[in-house]
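Number of protein chains: 2
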Amino acid sequence: MCKQHNKNLYLRPMNKIDSFVADGFTQYLPGQSIDCVIIGYNEHGLNVLTLNWKEFDMWALPGGFIHNKEDMDQAAIRILKERTGLELAFLKQFYTFGNYNRRDFEEFLKQFEPKELKFQPFINWMKQRFISTGYLALVDMKKCNPTPDFLTESCDWKPINNLPKLLFDHQHIIEKALEQIRIQINYLPIGLSLLPEKFTMKDLQKLYESILQKELDRGNFQKKILKLGFLDRLEKQLSGRAHKAPYLYKFNETKYDYLLKKGIGFIS
Amino acid sequence: MCKQHNKNLYLRPMNKIDSFVADGFTQYLPGQSIDCVIIGYNEHGLNVLTLNWKEFDMWALPGGFIHNKEDMDQAAIRILKERTGLELAFLKQFYTFGNYNRRDFEEFLKQFEPKELKFQPFINWMKQRFISTGYLALVDMKKCNPTPDFLTESCDWKPINNLPKLLFDHQHIIEKALEQIRIQINYLPIGLSLLPEKFTMKDLQKLYESILQKELDRGNFQKKILKLGFLDRLEKQLSGRAHKAPYLYKFNETKYDYLLKKGIGFIS
DNA sequence: ACAAAAGTGTTATCCTTACACCCATGT
DNA sequence: ACATGGGTGTAAGGATAACACTTTTGT
Numbered sequence: 086m087c088k089q090h091n092k093n094l095y096l097r098p099m100n101k102i103d104s105f106v107a108d109g110f111t112q113y114l115p116g117q118s119i120d121c122v123i124i125g126y127n128e129h130g131l132n133v134l135t136l137n138w139k140e141f142d143m144w145a146l147p148g149g150f151i152h153n154k155e156d157m158d159q160a161a162i163r164i165l166k167e168r169t170g171l172e173l174a175f176l177k178q179f180y181t182f183g184n185y186n187r188r189d190f191e192e193f194l195k196q197f198e199p200k201e202l203k204f205q206p207f208i209n210w211m212k213q214r215f216i217s218t219g220y221l222a223l224v225d226m227k228k229c230n231p232t233p234d235f236l237t238e239s240c241d242w243k244p245i246n247n248l249p250k251l252l253f254d255h256q257h258i259i260e261k262a263l264e265q266i267r268i269q270i271n272y273l274p275i276g277l278s279l280l281p282e283k284f285t286m287k288d289l290q291k292l293y294e295s296i297l298q299k300e301l302d303r304g305n306f307q308k309k310i311l312k313l314g315f316l317d318r319l320e321k322q323l324s325g326r327a328h329k330a331p332y333l334y335k336f337n338e339t340k341y342d343y344l345l346k347k348g349i350g351f352i353s
Numbered sequence: 086m087c088k089q090h091n092k093n094l095y096l097r098p099m100n101k102i103d104s105f106v107a108d109g110f111t112q113y114l115p116g117q118s119i120d121c122v123i124i125g126y127n128e129h130g131l132n133v134l135t136l137n138w139k140e141f142d143m144w145a146l147p148g149g150f151i152h153n154k155e156d157m158d159q160a161a162i163r164i165l166k167e168r169t170g171l172e173l174a175f176l177k178q179f180y181t182f183g184n185y186n187r188r189d190f191e192e193f194l195k196q197f198e199p200k201e202l203k204f205q206p207f208i209n210w211m212k213q214r215f216i217s218t219g220y221l222a223l224v225d226m227k228k229c230n231p232t233p234d235f236l237t238e239s240c241d242w243k244p245i246n247n248l249p250k251l252l253f254d255h256q257h258i259i260e261k262a263l264e265q266i267r268i269q270i271n272y273l274p275i276g277l278s279l280l281p282e283k284f285t286m287k288d289l290q291k292l293y294e295s296i297l298q299k300e301l302d303r304g305n306f307q308k309k310i311l312k313l314g315f316l317d318r319l320e321k322q323l324s325g326r327a328h329k330a331p332y333l334y335k336f337n338e339t340k341y342d343y344l345l346k347k348g349i350g351f352i353s
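So the protein sequences, as listed, match chains C and X.
Residue numbering for the first sequence follows the numbering used here, starting at 86 and increasing by one per position.
Residue numbering for the second sequence follows the numbering used here, starting at 86 and increasing by one per position.
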């Protein structure tokens with residue numbers, strides 16, 4: 086899952102950082118950043134994609150800046166692509182974080198110093214005030230190819246219930262994103278992006294339970310979901326397990342897209 | 086309702102524009118703006134507060150910029166205060182507009198030119214790319230004191246179903262705001278901010294009908310709302326009309342605030 | 001045969017909807 | 001008295017929640 090790159094910032098080929106320091110940030114809108122809460126789901130629950138700045142012993146959300154002539158949504162799509170390889174996913178802006186003190190630089194700089202002079206322009210860029218727009222992405226972990234950016238050395242999934250200490254206000258950003266999911270799950274058929282193409286009703290139920298953080302009744306869940314009609318029932322799974330084989334389902338994209346637009350009201 | 090100010094930008098006392106041009110915009114974050122969709126409700130339905138740049142024959146949403154050391158939310162509160170006099174209201178960020186081409190400057194500049202040289206720095210400030218965060222405010226029109234800013238000459242309520250042509254993407258911003266209200270009304274007890282302290286059940290029903298753009302059943306609405314329990318019934322109104330006097334109600338702030346946080350699920 | 005988990009059914013309760021009915025009031 | 005609109009009631013239908021029953025399958 087995790088790609089280990091060069092172990093130390095100062096031993097690492099510096100061309101990318103150098104070029105960012107030299108002129109990269111003249112290509113970006115100043116003071117405006119994007120943070121992506123990329124959420125994946127596996128048998129242990131929900132996970133968030135995080136980046137590790139090992140030099141500073143810090144984990145951070147994947148983020149980036151907006152090119153001068155780039156739509157903000159486009160920038161988010163680009164960042165998602167760069168970190169995961171995915172071009173298609175549920176991706177949605179959810180909140181913009183604009184508090185003056187949202188980035189606590191004391192701790193950050195403590196770990197950065199003493200450093201080479203050449204980093205000064207980069208530090209200055211980083212030290213400016215940023216207003217950051219949060220994007221929520223729901224992805225299929227199995228289709229992801231987590232890739233660190235030029236500042237970080239690893240890119241890893243972290244279980245949402247056991248997150249490491251995060252940079253700045255990133256913990257808060259994740260909480261706000263989860264809040265959004267829990268609201269949206271009540272009127273949008275979230276799920277297609279987080280599950281593989283074929284899945285069982287139990288898979289979907291576990292996903293909903295992960296999101297809502299509570300247990301749901303098996304029989305009632307099945308009836309409720311099927312009545313909404315955005316699932317197509319497929320052949321039975323050859324389960325090879327000591328019980329009745331469950332049906333497989335897939336999303337009926339026509340109906341699913343329709344409900345994505347129209348919204349639904351369900352799941353108490 | 087409308088305050089007529091000086092009729093022409095060029096005859097108007099220039100000190101405020103001059104000082105903005107001179108150094109005002111060094112106090113603000115570049116490229117970041119706020120647009121407020123301020124919504125009021127009266128017997129004719131929902132209204133939006135708009136500003137008129139008469140020189141350009143354009144209407145615009147109240148907006149502004151963010152001071153260098155000011156929280157974004159604080160800036161929105163300040164703008165709301167400046168345009169309406171209100172300090173307390175339902176005020177909530179709802180979306181950030183970041184498309185590269187969201188502001189069509191051709192039309193804007195066409196109307197601005199030919200102009201005096203002194204405006205050039207201001208035009209340059211305005212011509213930069215802005216990413217704008219939209220805030221939704223729900224207010225009691227009767228408590229508002231609409232006041233134009235230093236660039237505009239009047240500040241007026243416009244009925245939401247009959248808006249004039251608006252600047253840039255402001256029409257789109259309003260539509261997005263309305264979409265938000267219609268979603269939020271399903272899980273938040275919206276209403277306190279839009280109505281006077283005391284009101285009848287019919288007033289509240291008409292408000293919901295304005296927002297949802299459909300008629301609701303009188304009896305069922307009453308039962309549903311009362312069961313939620315955020316209203317206190319007061320004495321009967323001396324109606325002086327040819328029918329039974331209706332009760333007056335007011336919001337029970339304790340219960341209302343609780344439901345604002347917790348959310349509700351209702352109104353189909 | 002049995003355990004385990006899937007699929008489906010049953011029931012009591014609650015909520016929603018669409019009305020109907022009665023009440024208070026000014027003309 | 002009657003038209004108007006307020007307050008409340010009712011009955012049918014639908015949704016929900018809790019749980020039970022049956023089916024399939026590997027051990």
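Glycine included, each C-beta is placed from N, C-alpha and C at the ideal position.
Exercise. Please compile the residues from chain C whose C-beta is within a distance smaller than 8 Å of the C-beta of Asn184 (chain X).
Key: Asp156, Met157 and Asp158
Quiz item: What are the start and end residues of the beta strand (DSSP E) that includes Arg318 (chain X)?
Solution: Leu316 to Lys321
Quiz item: From Tyr113 (chain C) to Gly149 (chain X), what distance separates their C-alpha atoms?
Solution: 22 Å
Quiz item: So which residues of chain C does Pro274 (chain X) contact, with C-beta pairs closer than 7 Å?
Solution: None at all; the shortest Cβ gap to chain C is about 15 Å.
Quiz item: How far does the beta strand (DSSP E) with Leu114 (chain X) in it reach, from first residue to last?
Solution: Tyr113 to Asn127
Self-check item: Candidates X:Lys329, X:Asn127 and X:Leu236, of which the one nearest Phe105 (chain X) by Cα
Solution: X:Leu236
Quiz item: In terms of alpha-carbon separation, which member of C:Gly125, C:Phe110 and C:Ile102 lies closest to Trp242 (chain C)?
Solution: C:Gly125
Self-check item: Straight-line Cα distance separating Asn209 (chain X) from Leu94 (chain X)
Solution: Confidence is the limiting factor: at Leu94 (chain X) the pLDDT is only 47, short of 50, which leaves the residue's position unreliable, though a coordinate-based value still follows. Near 18 Å, if we compare the C-alpha coordinates of Asn209 (chain X) and Leu94 (chain X).
Exercise. Note down, in chain order, each residue of its chain lying with its Cβ closer than 7 Å to the Cβ of Asp189 (chain C), except the 5 sequence neighbours on either side.
Key: Phe253
Quiz prompt | Bridge partner(s) assigned by DSSP for Phe175 (chain C) | solution = C:Leu223
Self-check item: CA nearest to the CA of Pro147 (chain X), picked from X:Lys154, X:Asp156, X:Asp158 and X:Thr135
Solution: X:Thr135
Quiz item: Does the beta carbon of Gln112 (chain C) sit closer than 8 Å to a beta carbon anywhere in chain X?
Solution: no
Self-check item: Neighbouring residues, chain X, relative to Ile151 (chain C) (Cβ below 8 Å)
Solution: Gly183 and Ile216
Quiz item: From which residue to which residue does the beta strand (DSSP E) around Gly325 (chain C) run?
Solution: From DSSP, Gly325 (chain C) is part of no beta strand (DSSP E); its letter is neither H nor E.
Practice problem: Following the continuous beta strand (DSSP E) through Leu136 (chain C), name the residue where it begins and the one where it ends. | Solution: Gly130 to Trp138
Self-check item: Beta-ladder partner(s) of Pro233 (chain X), from DSSP
Solution: Paired residue(s): none; Pro233 (chain X) is not in a bridge.
Practice problem: Measuring only between beta-carbons, confirm whether Gln117 (chain X) sits less than 8 Å from chain C. | Solution: yes
Quiz prompt | Proximity below 8 Å, CB of Thr218 (chain C) to CB of Arg168 (chain C) | solution = no
Quiz item: How big is the Cα-Cα spacing for Ala160 (chain X) and Asn184 (chain C)?
Solution: 10 Å
Quiz item: Taking 8 Å as the CB-CB cut-off, is Gln290 (chain X) touching chain C?
Solution: no
Quiz item: Can you name the residues of chain X whose CB is closer than 9 Å to the CB of Gln178 (chain C)?
Solution: Tyr180, Thr181 and Gly183
Self-check item: Three-state secondary structure (DSSP) of Phe150 (chain C)
Solution: strand
Quiz item: Taking C-beta to C-beta, are Ile266 (chain X) and Ile296 (chain X) nearer than 8 Å?
Solution: yes
Quiz item: Using the beta-carbon count (16 or more within 10 Å), is Leu319 (chain C) buried or exposed?
Solution: exposed
Self-check item: Range of the contiguous alpha helix (DSSP H) that encloses Leu165 (chain X)
Solution: Met157 to Thr169
Self-check item: Limits of the beta strand (DSSP E) - the one that Ser278 (chain C) falls within
Solution: Careful: Ser278 (chain C) lies outside any beta strand (DSSP E) and carries neither H nor E.
Exercise. Check whether the region 165-180 of chain C touches the region 116-125 of chain C, counting contact only when three or more Cβ pairs, one atom from each stretch, lie closer than 8 Å.
Key: yes
Quiz item: Taking the alpha helix (DSSP H) that Pro244 (chain C) falls in, what are its first and last residues?
Solution: That residue, Pro244 (chain C), is in no alpha helix (DSSP H); its beta strand (DSSP E) goes Ser239 to Pro244.
Exercise. Going by CA-CA distance only, name the one from C:Gln117, C:Asn305 and C:Phe284 that's closest to Pro331 (chain C).
Key: C:Phe284
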